[in-house]
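Residue numbers (the UniProt record's numbering): 1 to 552. Where a beta carbon is used, it is the ideal one built from N, C-alpha and C, also for glycine. Everything numeric in this text was worked out from a predicted model, so none of it was measured. These notes are about the structure you will find just below.
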């Protein structure tokens, strides 16, 4: 039987040629097994490779090694580093696109000192798997560790801050001194000049975050000076170094409705500032003052008869009319000031307070409600905006200027008092008192001359003996009497100008009434100095915001 051709060809091959073929086959098989055992190759982009060593630095998940760095090189742009690493084949499924990586090294966080073991073993890369089903092989190293794992329950909120100190990522969030969360992200918005934070509140403490919750910066060091001496309180080391954020509900307030995740709050410098800035429901009004606004500052109170109802927001207001600032040039000399009426100061239920204000403000304006500037501190010149009723004011209505509603104003305070005092002085100056006094002095001089003539006449010897021409003497007496009568008539005319019903009397009476009104307006200042003698040095002590009571 004839053998197949391929068997005949194989039989003709010398056995010596089988050795290289077999070696090539074995080498390919070993290379394939090596590639299969080596696992997935990934690339990590990082700003710098400080502490990273090729062949030594490990990649770990929960302290379990899953790979090793095997190469480090500069990127073509020379502005970052590319690290190549090999992930064990059993962990390929962890390479999701939302996974996070960071370098573990000694650091201070809210729980104390972490990464202390890396002082001896060197740094390593912590790998936090994500939840995505999409697998990738390129990642970017983040500068800070992932503070919150995907399996941690809680809620995220936002904070914005203009004046408070800048806080680091990882700074704790406290409620009555108890740690309930931390800052997860920190970003400076250079366009708005605002620091923005992302907070994570651990479950179940998100129930503490309500609509009336306030946030403020809490320092790790508190110093109190009282009659017992100096007391110093310090928090944890991390709180002393980083500070912290405290949250709470204002005293005498019950918790409001819970807010949705992602709600934005304002971060204040202190608790007292937080109480002033906690009113998020408000309306803007533009007030145009026909007088100098020197001494008025942003943050100054807006009051109604001593009760604070709002805050001054912009001095002067940034209002553009016809392409130019409204407070500079134009046909109006008024300076616009932007303020806000904060409904939470009127009543705890802000919606009810809003409806109450908006339904009645037009009627109040018709009755004379106006805004004016009042002095808060005579020494520093600080003023505030006061709303009050002026019955003599002409009825007014709300108007619009640009995008703002214009609230009518009136001149008052020191400026009005100065104007009234100037009017009084001008009227006193127009009384012609000097002319009346001159006439009175002339009349008295005539009386004295007449009396001298009479004494001289009586003391003459001829008058005593009645000698001579009696008719001549009688003529002299008659002439003297006529001069006396003329003097009396002049005196009566002078006194008539001061009698009731005369023009001069009425003008003097009007002037005195204006002086009396001026004194009445100065009485609040006198009463304020009596109640607070240091009012000329320190700002006016405002009463604590009243807490409205429920109708129930």
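Neighbourhood of residue i by C-beta distance below 7 Å, restricted to the same chain and skipping five residues each side
| i | result |
| --- | --- |
| residue 92 | 39, 40 |
| residue 46 | 80, 81, 83, 141 |
Bridge-paired residues (DSSP) for residue i
| i | result |
| --- | --- |
| residue 148 | For residue 148, which the question treats as bridged, DSSP gives no partner whatsoever. |
| residue 375 | 383 |
| residue 46 | 81 |
| residue 172 | 182 |
| residue 40 | 87 |
| residue 104 | 124 |
| residue 189 | 194 |
| residue 247 | 215 |
| residue 370 | 388 |
| residue 155 | 201 |
| residue 404 | 401 |
| residue 69 | 85 |
C-alpha distance - residue i paired with residue j, whole-angstrom precision
| i | j | result |
| --- | --- | --- |
| residue 217 | residue 54 | 43 Å |
| residue 513 | residue 394 | 23 Å |
| residue 167 | residue 188 | 11 Å |
| residue 557 | residue 162 | The chain is shown only over 1 to 552; residue 557 falls outside these bounds and no answer can be derived. |
| residue 380 | residue 398 | 33 Å |
| residue 135 | residue 94 | 8 Å |
| residue 225 | residue 50 | Residue placement at residue 225 is flagged as unreliable, the pLDDT there being 47, under the threshold of 50; the coordinate-derived value follows with that caveat. Straight-line Cα distance between these residues: approximately 47 Å. |
| residue 249 | residue 255 | 7 Å |
| residue 391 | residue 367 | 6 Å |
| residue 359 | residue 271 | 33 Å |
| residue 192 | residue 145 | 28 Å |
| residue 174 | residue 205 | 10 Å |
| residue 90 | residue 350 | 59 Å |
| residue 302 | residue 177 | 34 Å |
| residue 60 | residue 88 | 11 Å |
| residue 56 | residue 77 | 26 Å |
| residue 148 | residue 106 | 19 Å |
| residue 333 | residue 179 | 55 Å |
| residue 128 | residue 154 | 18 Å |
| residue 438 | residue 449 | 17 Å |
| residue 341 | residue 152 | 41 Å |
| residue 291 | residue 385 | 13 Å |
| residue 48 | residue 102 | 12 Å |
| residue 369 | residue 208 | 40 Å |
| residue 186 | residue 44 | 24 Å |
| residue 63 | residue 169 | 23 Å |
| residue 409 | residue 361 | 14 Å |
| residue 143 | residue 100 | 11 Å |
Contact belief for residue i with residue j at Cβ below 8 Å, rounded distance in angstroms
| i | j | result |
| --- | --- | --- |
| residue 312 | residue 299 | 7 Å |
| residue 138 | residue 160 | Contact doesn't hold; Cβ gap of about 34 Å is too wide. |
| residue 407 | residue 285 | 4 Å |
| residue 210 | residue 257 | 6 Å |
| residue 85 | residue 70 | 6 Å |
| residue 42 | residue 72 | Not a contact, Cβ separation roughly 13 Å. |
Own chain partners of residue i with C-beta closer than 8 Å, once the 5 adjacent residues on each side are dropped
| i | result |
| --- | --- |
| residue 156 | 184, 198, 199, 200, 201, 261, 262 |
| residue 354 | 281, 283, 343 |
| residue 346 | 309, 353, 356, 357, 548 |
| residue 133 | 96 |
| residue 400 | 406 |
| residue 164 | 195, 216, 217, 267, 268, 269 |
Cβ neighbours of residue i in the same chain (closer than 6 Å, five flanking residues each side left out)
| i | result |
| --- | --- |
| residue 278 | 214 |
| residue 65 | 58 |
| residue 274 | 214, 216, 268 |
Any C-beta of chain C under 9 Å from that of residue i
| i | result |
| --- | --- |
| residue 148 | Protein chains in the displayed structure number just one, and chain C is not present. |
* Asked: Which ranges does the alpha helix (DSSP H) cover as unbroken runs of at least 4 residues, wholly within the segment 275–353, from first to last along the chain?
  -> 343–346
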